[in-house]
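Q: In the numbering used here, the protein residues as written are 8 to 458. Ideal Cβ positions, reconstructed from N, Cα and C, are used throughout, including at glycine. These numbers were taken from a predicted model, which means no experiment stands behind them.
Spelled out as structure tokens, the structure:
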């Protein structure tokens, strides 16, 4: 992935975990710092982990040393070219310098070294020199990226005031340090580069690497995170959110591929998350966020199913009123028993209101020549009339009021369903647990005491 995309994801994750600052400078500073550190490792080592980013973040000396290593790695190198007729005259000696025949050039080619240069000059072997950038344009790109890193480091990062630089480092190291202070987490999520070498790690002595989500999705694999929240709630949420963001990015990348190959069959993808309030993230004005992923999930054939305790638990973990933007992306909603008034009121509002005929009864009694009884002291009349009337009027009432949501019994739910084409009206549904006999109705299970 692009260095900026990776850095932006990390900065957005920090905002989701620790809250978003009103000042955009901090996220911009985090993104810029992480972006150039990742770019440096891509240039020098073709591999980077979050521990590498953390190490360079807190140690300017380490960062500068890796820049020097990248300079040595990206030094302009050249090849020696020898025509076949001249090569065959000295083939016995030249074969030890690693010459290979280049079909495009029609000449033998080898990396220029001091020993090779001395041999061809001592034996008057006709040769030509060719810069590496003429053969490998990627080498030129690496050099230009390194120059960008050096400009940032010497002209930007080192010129920032020490106090401000320390604040930037501390703001991001609080997250990156999670991958350093726990050796098990470090080995699992920051493995050595040899772990991804199919030859060096053919016996998996460096660990079994997790394939990319793009590969896992197309193979129909099941990927789950087994990390007890009670052990380290902060780290569990960070890893869960990272896993979720990586999955969402892989799923959204299917959209252009599906559009480019309409003749191919692409399998459906399931996103299932329990206790979703611990992993929910919203992007607000940013291009990332669950609400943006769920709104596009139908295009890459993703079926998201999430379960949360209540609207209150979701609201307490998200800033402001962003939970409303997230909730509206779910077309089908299943409400079980709700115990807090806010969730019950919100669910009742989502079910909507409808006009219903309400009956009104009116009773009236009238009498003529009424007088007070001397015995009872009550008003009496010898000529009395009794009138009763019944009227119907349209009133706007909740389809399901708050009381209904708070008094739902076991295996009962109110469902706001969507069939893929049209929304269905809110309905009271009777559920049958999977562990009971599916051939028995809800009422038979209830009569037998199985619910």
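So, for residue 297: in the same chain, excluding its five sequence neighbours on each side, which residues have a beta-carbon less than 7 Å away from its beta-carbon?
A: The answer, listed in chain order, is 287, 288, 289, 333.
Q: Pick helix, strand or coil for residue 30, following the three-state DSSP scheme.
A: Note: residue 30 maps to coil in three-state DSSP.
Q: Return the CA-CA distance between residue 123 and residue 104, expressed in angstroms with no decimal places.
A: Distance between the alpha carbons of residue 123 and residue 104: 7 Å.
Q: What number of angstroms, rounded off, separates the C-alpha of residue 4 from the C-alpha of residue 246?
A: Here the chain covers residues 8 to 458 and nothing more, so residue 4 does not appear.
Q: Are there 16 or more other CB atoms within 10 angstroms of the CB of residue 361, so buried, or fewer, so exposed?
A: Exposed is the call here.
Q: Under the rule that 16 or more other beta-carbon atoms within 10 Å means buried, what is residue 94, buried or exposed?
A: Flag for residue 94 reads buried.
Q: Kindly examine the ligand GDP and report whether one of its heavy atoms sits closer than 8 Å to the Cβ of residue 374.
A: As for the ligand GDP, it is missing from this structure, which has no ligand bound.
Q: Suppose contacts are defined by Cβ-Cβ distances below 9 Å. Is residue 353 in contact with residue 291 by that definition?
A: Cβ distance not < 9 Å, so residue 353 and residue 291 don't count as in contact.
Q: Kindly confirm or deny that the segment 355 to 372 and the segment 394 to 407 touch, where touching means at least three C-beta pairs closer than 8 Å.
A: Yes, since at least three Cβ pairs between the segment 355 to 372 and the segment 394 to 407 fall closer than 8 Å, the two stretches touch.
Q: What separation, rounded to the nearest whole angstrom, lies between the Cα atoms of residue 169 and residue 21?
A: Between residue 169 and residue 21, the C-alpha separation is close to 22 Å.
Q: Helix, strand or coil for residue 11 per DSSP?
A: Looking at residue 11 - three-state DSSP - the assignment turns out to be helix.
Q: Restricting to Cα atoms, I'd like to know which of 85, 308, 177 is closest to residue 427.
A: Checked all of 85, 308, 177; the closest Cα to residue 427 is 308.
Q: Please classify residue 111 as buried or exposed, where buried requires at least 16 other C-beta atoms within 10 Å of its C-beta.
A: By the neighbour-count rule (16 or more Cβ atoms within 10 Å), residue 111 is not buried but exposed.
Q: Can you give the Cα-Cα distance for residue 380 and residue 400, rounded to whole angstroms?
A: So the alpha carbons of these two residues sit roughly 41 Å apart.
Q: So, does the segment 259 to 268 touch the segment 304 to 322, judging by three or more C-beta pairs under 8 Å?
A: Yes: the two stretches touch, three or more of their Cβ pairs being nearer than 8 Å.
Q: Between the alpha carbons of residue 445 and residue 424, how many angstroms are there, rounded?
A: Their Cα atoms are separated by approximately 22 Å.
Q: Looking only at C-alpha atoms, which of 154, 133, 277 sits nearest to residue 91?
A: Comparing Cα-Cα distances from residue 91 to each of 154, 133, 277, the minimum goes to 133.
Q: Can you tell me which of the three DSSP states residue 263 falls into?
A: Three-state DSSP puts residue 263 in a helix.
Q: DSSP state of residue 391, grouped into three classes?
A: Three-state result, residue 391: strand.
Q: Do residue 78 and residue 69 count as a contact pair if the criterion is CB distance below 9 Å?
A: Going by C-beta atoms, residue 69 is not nearer than 9 Å to residue 78.
Q: Checking 9 Å against the spacing of the C-beta atoms, do residue 164 and residue 32 come in under that value?
A: Contact: no.
Q: Taking just the CA atoms, how far does residue 177 sit from residue 187?
A: Taking the straight line from one Cα to the other gives about 15 Å.
Q: Here's a check: name, in chain order, each residue in its chain whose Cβ is nearer than 7 Å to the Cβ of residue 284, leaving out the five neighbours to either side.
A: The residues are 315, 316, 320, 321, 324.
Q: On the criterion of 16 or more Cβ atoms from any shown chain inside 10 Å, does residue 64 qualify as buried, or is it exposed?
A: The residue in question, residue 64, is buried, as its Cβ has 16 or more Cβ neighbours within 10 Å.
Q: Could you check where the alpha helix (DSSP H) with residue 80 kicks off and where it finishes?
A: Residues 67 to 80.
Q: Nearest by alpha-carbon distance to residue 390: which of 264, 17, 335, 374 is it?
A: The residue with the shortest Cα to Cα distance from residue 390 is 374.
Q: With distance defined between alpha-carbon atoms, name the residue in 277, 451, 299 nearest to residue 418.
A: Of the listed residues, the one whose Cα sits closest to residue 418 is 451.
Q: Near residue 339, what residues of its chain come up, given a Cβ to Cβ distance below 7 Å and the 5 sequence neighbours on each side ignored?
A: So the list reads 423, 424, 425, once near-sequence residues are dropped.
Q: Is residue 93 helix, strand or coil by DSSP?
A: In this structure, residue 93 counts as helix in the three-state DSSP scheme.
Q: Name the residue from 432, 157, 251, 437 whose alpha carbon lies nearest to the alpha carbon of residue 416.
A: The option with the nearest alpha carbon to residue 416 is 437.
Q: Look up residue 434 in the DSSP assignment and say whether it is helix, strand or coil.
A: Three-state result, residue 434: strand.
Q: What are the partner residues of residue 280, as DSSP defines its beta bridges?
A: The partner list for residue 280 (beta bridge, DSSP) reads 313.
Q: Let me know the secondary structure DSSP gives residue 361 once reduced to three states.
A: Here residue 361 sits in strand by DSSP.
Q: Helix, strand or coil for residue 197 per DSSP?
A: Note: residue 197 maps to coil in three-state DSSP.
Q: Can you tell me whether residue 136 is helix, strand or coil according to DSSP?
A: Strand.
Q: Starting from residue 302, follow its DSSP beta bridges and name the residues at the other end.
A: According to DSSP, which records beta bridges pairwise, residue 302 is partnered with nothing at all.
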